[in-house]
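Undergrad: First residue of the sequence shown: 1470, per my numbering; consecutive thereafter.
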Amino acid sequence: MRSDRGGEGSYPRPLILVSRCLGFDRCRYDGAAIPAPFLERLSRFADCVTACPEMEIGLGVPRQPIRLVTAGGDEVRLVQPSSGLDLTERMEAFCRERAGNLGAVDGAVLKARSPSCGVSDTAIHAGADSSAILRRGPGLFGRAVLEAMEGRPVIDEGGLIDPGLRERFLVQVFTLARLRSAEDACRASGSASPLVSFHSSAGLLLAAADREAGRMLGGIVDEGGSPDALLPRYRRGLVRALAGPLRTGPCADSLTHAFVCFKERLAADEKALFLDSLEEFGSGRASMGPCRALIQSWMVRFPTPYLDDQIFLNPFPRALEGFEDSAGDGGR
């Protein structure tokens, strides 16, 4: 696995499934490009594998629009109103093959509102020729990906606009990439030592994400045993631990824990600046970015091996922080 080495440390590269129309190819139904500047930047630090379900079931570009329609009860069909084609079986066969072979993918970014790739907000119409929308839900491929990912992060390009959702996604995929690197090292060596090191580096992150899950994961590591026995259990537990939002209070506690490591070596105005920034974060008026940046600067001045390895303080490349993006729009 390649790593990013841009003066910011070393980050194993996440493997991310992306809808191909999001900046990778002009495969939208009308052939238009969908700008995705954040994904373009992310691809410098991650390995993106793309999919366009419509193209892969034989629909060309340009093509007539397709839509989801209700077929009674919970059943949904994928149809092309202009041709009268029912594409459900073709799409479901593709979904079984592709979603069933995601392997080591750490996360997915899919096209919002798409009848194939939508994650949660695809329109489900009353009929092929009806403008009435009965409800919204995932597209056929989006649903298959959500099931196959088993809790690994799946987001649409609209979600990446929200700073909180974007940071959560980045923390998840880069942490899972680090775990994959540790898993590979465990299997190569036949030793659980790389997993022990990973768990130590995830200490502050797990305290911020889910302290109880962190203790449970620590118990798995402490049990010892072969990597083949430990790794699947640890991975399932970590995915669950990272599934929820990073809450302000526990994050502030982890930031304070790091601050205490430097407290006696800082000038009074530096301490005051951190505490002011922490109060801004705790009250919801600012992100944790300023606090983290201060701690990172002190880590350079006062090398502290324990903190240097903490994922929480360097969760992903700084070039991905504070990025202002705009979402693409439209159907498939």
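We put the CB at the ideal spot given by N, CA and C, even for glycine.
Remember, predicted model here, so these are calculated numbers, not experimental data.
Shortest alpha-carbon distance to residue 1729 belongs to which of 1719, 1705, 1776?
TA: Here the closest residue by C-alpha is 1776.
Undergrad: What does the Cβ neighbour count give for residue 1580, buried or exposed, with the cut at 16 atoms within 10 Å?
TA: When all chains shown are included, residue 1580 counts as buried.
Undergrad: For the region 1672-1680 against the region 1596-1603, do three or more pairs of beta-carbon atoms, one drawn from each stretch, fall closer than 8 Å, so that the two count as touching?
TA: No, the region 1672-1680 is not in contact with the region 1596-1603.
Undergrad: Taking buried to mean at least 16 other C-beta atoms within 10 Å of its own C-beta, is residue 1497 buried or exposed?
TA: The residue is buried, with at least 16 neighbouring Cβ atoms inside 10 Å.
Undergrad: Roughly how many angstroms lie between the CA atoms of residue 1635 and residue 1576, to the nearest whole one?
TA: Approximately 12 Å between the Cα atoms of the pair.
Undergrad: Would DSSP call residue 1756 helix, strand or coil?
TA: In this structure, residue 1756 counts as coil in the three-state DSSP scheme.
Undergrad: Please classify residue 1798: is it buried, with 16 or more other beta-carbons within 10 angstroms of its beta-carbon, or exposed?
TA: The pLDDT assigned to residue 1798 is 44, lower than 50, so where the model puts this residue is not dependable, and the model offers no usable value.
Undergrad: Determine the direct distance from the alpha carbon of residue 1582 to that of residue 1495, and round the result to whole angstroms.
TA: Using only the alpha carbons, I get a separation of about 17 Å.
Undergrad: Assign residue 1744 to one of two classes, buried (16 or more other C-beta atoms within 10 Å of its C-beta) or exposed (fewer than that).
TA: Burial call: exposed.
Undergrad: Please work out which residues of its chain come closer than 6 Å, Cβ to Cβ, to residue 1586, disregarding the five sequence neighbours upstream and downstream, and give them in chain order.
TA: If we look at residue 1586 and ignore the five residues flanking it on each side, its Cβ neighbours are 1488, 1579, 1580, 1608, 1610, 1611.
Undergrad: Roughly how many angstroms lie between the CA atoms of residue 1629 and residue 1642, to the nearest whole one?
TA: Approximately 13 Å, taken between the alpha carbons.
Undergrad: To the nearest angstrom, report how far apart residue 1714 and residue 1788 are at their CA atoms.
TA: Rounded to the nearest angstrom, the two C-alpha atoms are 22 Å apart.
Undergrad: State yes or no: is the C-beta of residue 1686 within less than 9 Å of the C-beta of residue 1700?
TA: Going by C-beta atoms, residue 1686 is not nearer than 9 Å to residue 1700.
Undergrad: Go to residue 1480, then tell me how far its beta strand (DSSP E) extends in each direction, as first and last residue.
TA: Residues 1479-1481.
Undergrad: Could you work out which residue in 1620, 1546, 1573 is closest to residue 1710 when comparing CA atoms only?
TA: Out of 1620, 1546, 1573, 1620 has the C-alpha closest to the C-alpha of residue 1710.
Undergrad: Which one or two residues does DSSP pair with residue 1516 in a beta bridge?
TA: In the DSSP output, where bridge partners are listed per residue, residue 1516 has 1484.
Undergrad: So residue 1531 and residue 1500 are in contact, right, with Cβ under 8 Å, and what is the actual spacing, rounded?
TA: 5 Å between Cβ atoms; contact.
Undergrad: Pull up the distance between the alpha-carbon of residue 1717 and that of residue 1617, whole angstroms please.
TA: Looking at the two C-alpha atoms, the distance is approximately 30 Å.
Undergrad: Span of the alpha helix (DSSP H) holding residue 1710?
TA: Element bounds for residue 1710: 1696-1711.
Undergrad: Could you spell out where the alpha helix (DSSP H) holding residue 1729 opens and where it closes?
TA: 1717-1729 is the span of the alpha helix (DSSP H), which, as asked, contains residue 1729.
Undergrad: Taking Cβ to Cβ, would you say residue 1764 is nearer than 9 Å to residue 1731?
TA: Contact: yes.
Undergrad: Within 10 angstroms of the Cβ of residue 1572, are there 16 or more other Cβ atoms? Answer buried if so, exposed if not.
TA: Looking at its Cβ environment, which holds fewer than 16 other Cβ atoms inside 10 Å, residue 1572 is exposed.
Undergrad: May I ask you to list the residues that DSSP assigns as paired with residue 1802?
TA: No information on residue 1802 is available, as it lies outside the stretch 1470 to 1801 that the chain covers here.
Undergrad: Where does the unbroken beta strand (DSSP E) through residue 1549 begin, and where does it stop?
TA: Residues 1545-1549.
Undergrad: For residue 1667, which of 1625, 1780, 1773 has the nearest alpha-carbon?
TA: Nearest option by C-alpha distance: 1780.
Undergrad: Let me confirm a value: residue 1523 is counted as buried when at least 16 other C-beta atoms fall within 10 Å, else exposed. Which label applies?
TA: Classification for residue 1523: buried.
Undergrad: For residue 1640 and residue 1785, which I take to be in contact (beta-carbon distance under 8 Å), what is that distance rounded to the nearest angstrom?
TA: Rounded, the Cβ-Cβ distance is 7 Å, consistent with contact.
Undergrad: Is residue 1499 helix, strand or coil by DSSP?
TA: Coil, per DSSP.
Undergrad: Considering only C-alpha positions, which residue in the set 1492, 1513, 1490, 1504 is nearest to residue 1483?
TA: That would be 1513, whose Cα lies nearest to the Cα of residue 1483.
Undergrad: In whole angstroms, what separates the C-alpha of residue 1413 from that of residue 1767?
TA: For the chain, the structure presents residues 1470 to 1801; residue 1413 sits outside this window and is missing.
Undergrad: Just how far apart, CA to CA, sit residue 1540 and residue 1546?
TA: Each residue's Cα considered, the two are about 6 Å apart.
Undergrad: Specify, as a first and last residue, the run of the alpha helix (DSSP H) that residue 1576 falls within.
TA: Not the alpha helix (DSSP H): residue 1576 falls in the beta strand (DSSP E), residues 1576-1579.
Undergrad: Any idea if residue 1570 is buried or exposed, counting beta-carbon neighbours within 10 angstroms, 16 or more meaning buried?
TA: Classification of residue 1570: exposed, given that the 10 Å Cβ count is below 16.
Undergrad: For residue 1603, I'd like the list of residues in its chain whose CB is within less than 6 Å of its CB, leaving aside the five on either flank, ordered along the chain.
TA: Hits under 6 Å: 1539, 1593, 1595.
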